[in-house]
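Student: Mind looking over this structure? Questions follow.
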Amino acid sequence: MPIFLALAVWIGAALCGQTPRGDISSPAPLLIDYRPILGLFRAEGSPDGRTEIALRSWTEAGRSRLLLADPATLHTRVTDGAAPPSLSWVDVEKVFSANGSRAPYFRLRDAARATREKTANSGVASWRAAQRGVWLSVDLCPSKKPLDRWIFTELTGDRRSPLPVFLDVSGRWIADHGDDFAWLIALESAGHMDVAWVGHGEEHPYDPRVPYTRTFDLTPGLDFSAEVFKTEKRLIAAGRSPSVWYRFPGLISSPALVDTLLSWGLIPLGSGAWLNKNESPRDGDVVLVHANGNEERGLRLLERLAKDRREALAAGRWSWLGQSDF
Ligand SMILES: [Zn+2]
Numbered sequence: 019m020p021i022f023l024a025l026a027v028w029i030g031a032a033l034c035g036q037t038p039r040g041d042i043s044s045p046a047p048l049l050i051d052y053r054p055i056l057g058l059f060r061a062e063g064s065p066d067g068r069t070e071i072a073l074r075s076w077t078e079a080g081r082s083r084l085l086l087a088d089p090a091t092l093h094t095r096v097t098d099g100a101a102p103p104s105l106s107w108v109d110v111e112k113v114f115s116a117n118g119s120r121a122p123y124f125r126l127r128d129a130a131r132a133t134r135e136k137t138a139n140s141g142v143a144s145w146r147a148a149q150r151g152v153w154l155s156v157d158l159c160p161s162k163k164p165l166d167r168w169i170f171t172e173l174t175g176d177r178r179s180p181l182p183v184f185l186d187v188s189g190r191w192i193a194d195h196g197d198d199f200a201w202l203i204a205l206e207s208a209g210h211m212d213v214a215w216v217g218h219g220e221e222h223p224y225d226p227r228v229p230y231t232r233t234f235d236l237t238p239g240l241d242f243s244a245e246v247f248k249t250e251k252r253l254i255a256a257g258r259s260p261s262v263w264y265r266f267p268g269l270i271s272s273p274a275l276v277d278t279l280l281s282w283g284l285i286p287l288g289s290g291a292w293l294n295k296n297e298s299p300r301d302g303d304v305v306l307v308h309a310n311g312n313e314e315r316g317l318r319l320l321e322r323l324a325k326d327r328r329e330a331l332a333a334g335r336w337s338w339l340g341q342s343d344f
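The working numbering numbers the first residue of the sequence shown as 19 and each following residue consecutively.
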């Protein structure tokens, strides 16, 4: 077992209090009856009575488990617990809107819903942040080439705090790049990155010979729930918490797919500036690059962006934005 893999498996196991399970990139046969739910979760003995949204439930080694999301911070976590009573989205929203202001999670959901008719780049592509900067999103579509580790090393190298980043992983990429996946997890576990793990399709089908209306997640006969949930299970099996985001492969979607994602508690992550398509990033954009070995030019443009912003970053006038900046 390569050293990073061994380290990441050990760290994942230590964090979860579980026995290492072997191959970190394999699917998760031990997650039984994995399904979307919607309810409220209040941690027992929580002094501030903090309430989270329960979005998934499953059984693992005889224990009932839940995936929770905090609508104020967008932070997600996995915990022990039985599925709470089922609620509607209207009921859930009421709980978090008691004081008149709505949590960011619900405002982002509304913004994404407003783009549902767009067939390309639906979802949250840019946002008015409290401070200047951009959100960095890195797609890991299926690829035969290795991860471009250098860009992560370069961007995290001289930072004092973790680099916030959306890592948009396809299940196929994880399956084919166990060492690279473990390397990213090790970088996260060592505090160099603050990762929002984003599903990017399990198989991420793409057929360049047909129109966009018949490929990616619009591929006829595709099991969309498998595209979403299988990758979430892979992340959980690796000790990660899937975020509340989903990146549509090719940024291609339909109103029905957007509605389905929202019903599962997920928000489509659009792109405000796909660097390799010569879209220049403005403050508040979600910047898109690929680090799967297929888009070196985009990464070079990202490298240049980082160099251009280095002074402003050091002076606190600009930043790589994180989930708490929504
Ligand atoms: Zn992709």
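Ideal Cβ positions, reconstructed from N, Cα and C, are used throughout, including at glycine.
Using the DSSP secondary-structure output, state which residues sit across from residue 57 in a beta bridge.
Tutor: Answer is 72, bridged to residue 57.
Student: Could you tell me whether any non-hydrogen atom of ligand 1 is closer than 7 angstroms to the CB of residue 218?
Tutor: yes
Student: By the three-class DSSP mapping on this structure, what secondary structure does residue 236 have?
Tutor: In the three-state reduction of the DSSP assignment, residue 236 falls in the helix class, which pools H, G and I.
Student: Closer than 8 angstroms by C-beta to residue 86: which residues in its own chain qualify, once you throw out the five before and the five after it? Chain order, please.
Tutor: Counting only Cβ-Cβ distances below 8 angstroms, and skipping sequence neighbours, we find 59, 70, 71, 72, 73, 94, 95, 96, 97.
Student: Compare the C-alpha of residue 53 against each of 78, 68, 62, 61 and name the closest.
Tutor: 78
Student: Assign residue 251 to one of two classes, buried (16 or more other C-beta atoms within 10 Å of its C-beta) or exposed (fewer than that).
Tutor: buried
Student: Does ligand 1 have a heavy atom nearer than 7 angstroms to the CB of residue 289?
Tutor: no
Student: Name, in chain order, the residues that DSSP records as bridge partners for residue 185.
Tutor: DSSP output for residue 185 lists 156, 215 as bridge partner(s).
Student: Heavy atom of ligand 1 less than 7 angstroms from the Cβ of residue 222, yes or no?
Tutor: yes
Student: Going by the DSSP bridge assignment, what does residue 195 pair with across the sheet?
Tutor: According to DSSP, which records beta bridges pairwise, residue 195 is partnered with nothing at all.
Student: When we look at the beta-carbon of residue 108 and count the other beta-carbons within 10 Å, is it buried (16 or more) or exposed?
Tutor: Exposed, because fewer than 16 other Cβ atoms sit within 10 Å of the Cβ of residue 108.
Student: Would residue 329 be called buried (16 or more neighbouring beta carbons within 10 Å of its own) or exposed?
Tutor: exposed
Student: Assign residue 309 to buried or exposed, taking buried as 16 or more other Cβ atoms, counted over all protein chains shown, within 10 Å of its Cβ.
Tutor: buried
Student: With DSSP as the reference, label residue 326 as helix, strand or coil.
Tutor: helix
Student: To the nearest angstrom, report how far apart residue 221 and residue 189 are at their CA atoms.
Tutor: 6 angstroms
Student: Pick helix, strand or coil for residue 339, following the three-state DSSP scheme.
Tutor: Coil.
Student: Kindly indicate which residue of 100, 271, 83 has the alpha-carbon position closest to the one of residue 233.
Tutor: Closest option to residue 233, judged by alpha-carbon separation, among 100, 271, 83: 271.
Student: By Cβ distance, which residues of its chain are closer than 8 angstroms to residue 215, with the 5 residues on each side in sequence left out?
Tutor: 185, 187, 253, 258, 259, 260, 261
Student: Find the nearest neighbour of residue 111 within the set 102, 99, 128, 143, judged by alpha-carbon distance.
Tutor: 128
Student: Ligand 1 and residue 140: does the residue's C-beta get closer than 7 angstroms to at least one heavy atom of that ligand?
Tutor: no
Student: Are there any heavy atoms of ligand 1 lying less than 7 angstroms away from the beta-carbon of residue 267, as far as the coordinates show?
Tutor: yes
Student: Of all the alpha helix (DSSP H) runs that stay within the bounds of the region 81-150, which reach a length of 4 or more residues?
Tutor: 107-113, 122-131
Student: Starting from the Cα of residue 145, find the closest Cα among 300, 50, 296 and give me that residue.
Tutor: 300
Student: What does a CB cutoff of less than 7 angstroms around residue 344 pick up in its chain, not counting 5 residues either side in sequence?
Tutor: 92, 122, 126, 145
Student: For residue 296, count neighbouring Cβ atoms within 10 angstroms of its own Cβ and tell me buried if that reaches 16, exposed if not.
Tutor: The residue in question, residue 296, is exposed, as its Cβ has fewer than 16 Cβ neighbours within 10 Å.
Student: Would you tell me roughly how many angstroms separate the C-alpha atoms of residue 105 and residue 225, rounded to the nearest one?
Tutor: 39 angstroms
Student: With DSSP as the reference, label residue 224 as helix, strand or coil.
Tutor: coil
Student: Once the 5 residues before and after residue 313 are set aside, which same chain residues still bring their CB inside 8 angstroms of it?
Tutor: Correct list, in chain order: 294, 307.
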